[in-house]
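Enquirer: Numbers 196 to 367, taken from our numbering, label the letters of the sequence shown in order. What follows is a structure written as structure tokens; I'll ask about it next.
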Amino acid sequence: MTIKPAPHHLSRADFIAAYGGIYEHSPWVAERLFDAGLSAHDANPANLARRLAKIVDAAGYDKQMALLCAHPELAGKLAIAGSLTAESTAEQASAKLDQCNAEEFAAFQDLNNRYGKKFGHPFIIAVRGLDRATILAAFGKRVAHSAKTEFATALGEVHKIARLRLEQLLAE
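If you want it as structure tokens, here you go:
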């Protein structure tokens, strides 16, 4: 059995390699955390998630919007092309989004288009533990949100995704 080093024992390069994908295509979050300093408390996924979330929350609108835009659409073009990150592929498959019937797929495409036009970023929801019907219902409700409400909701979901990814990574 190999024992994985705690985050605070990793070099900067190793930390970024291990944790740079916690926030989708946004290694800057892990870089900023490493540069701020790590401690033994950061071996706890909840503590590490909280610190990473604070970095995102303090980053400002432009960085936050870029982070939201880095996420793929659900059952979207990247999924069809097989171009999702390994994490996103596993997450979408866990909700069986890769098994949509024609009606569900059409609903996802319609909602992806409407949502993207309205908010300027993809719909984001932590899909782990959810099924397609639940996701579609949430999608339909959230497309009616105001831009301010939905921006905050999407960021909250990004933080939830990051926490779930950290829990999985630190448990491995």
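Note that beta-carbon positions come from the ideal geometry of N, C-alpha and C, so glycine has one too.
Along the chain, which unbroken stretches of the alpha helix (DSSP H) at least 4 residues long are found entirely within the segment 226-264?
Expert: Listed in chain order, the complete alpha helix (DSSP H) runs (minimum 4 residues) inside the segment 226-264 are 240-253 and 256-264.
Enquirer: Which of helix, strand or coil does DSSP assign to residue 300?
Expert: Three-state result, residue 300: helix.
Enquirer: Quick one: what's got a C-beta closer than 7 Å to residue 226's C-beta in the same chain, skipping five residues either side?
Expert: Contacts found: 211.
Enquirer: What does the Cβ neighbour count give for residue 354, buried or exposed, with the cut at 16 atoms within 10 Å?
Expert: Its Cβ being crowded by 16 or more others within 10 Å, residue 354 is buried.
Enquirer: Using the C-alpha atoms, what's the distance from residue 351 back to residue 228?
Expert: One C-alpha to the other measures close to 19 Å.
Enquirer: Could you check how far apart the C-beta atoms of residue 367 and residue 322 are, in whole angstroms? I think they sit under 8 Å.
Expert: About 20 Å; that fails the 8 Å criterion.
Enquirer: Suppose you measure from the CA of residue 298 to the CA of residue 326; what does that come to, to the nearest Å?
Expert: Cα to Cα, the separation comes out at about 15 Å.
Enquirer: Measure the C-alpha to C-alpha separation of residue 318 and residue 338 and round it to an integer number of angstroms.
Expert: If I take the Cα positions, the gap works out to 8 Å.
Enquirer: How about residue 284 and residue 216: are their beta carbons less than 8 Å apart?
Expert: The answer is no: Cβ separation not under 8 Å.
Enquirer: Residues in the same chain with beta-carbon distance under 6 Å from residue 240, minus the five sequence neighbours each way, listed in chain order, please.
Expert: For residue 240, where only same-chain residues beyond five positions count, the Cβ hits under 6 Å are 361, 362 and 365.
Enquirer: Between which two residues does the alpha helix (DSSP H) holding residue 362 run?
Expert: Run containing residue 362: 342-366, per the alpha helix (DSSP H) assignment.
Enquirer: Distance check for residue 342 and residue 254, CA to CA, integer angstroms please.
Expert: Using only the alpha carbons, I get a separation of about 19 Å.
Enquirer: Does DSSP classify residue 368 as helix, strand or coil?
Expert: A question about residue 368 goes unanswered here, because the residues of the chain that appear run from 196 up to 367.
Enquirer: Mind checking whether residue 263 and residue 349 have CB atoms under 8 Å apart?
Expert: For residue 263 and residue 349, yes; Cβs fall inside 8 Å.
Enquirer: Look at residue 270 and residue 295 and say whether their C-beta atoms are less than 8 Å apart.
Expert: Yes, Cβ-Cβ distance for residue 270 and residue 295 is below 8 Å.
Enquirer: Quick one: using the 10 Å Cβ neighbour count with 16 as the cut-off for buried, is residue 316 buried or exposed?
Expert: Buried: at least 16 other Cβ atoms inside 10 Å.
Enquirer: Name the two residues that bound the continuous alpha helix (DSSP H) containing residue 332.
Expert: Note, residue 332: alpha helix (DSSP H), 327-337.
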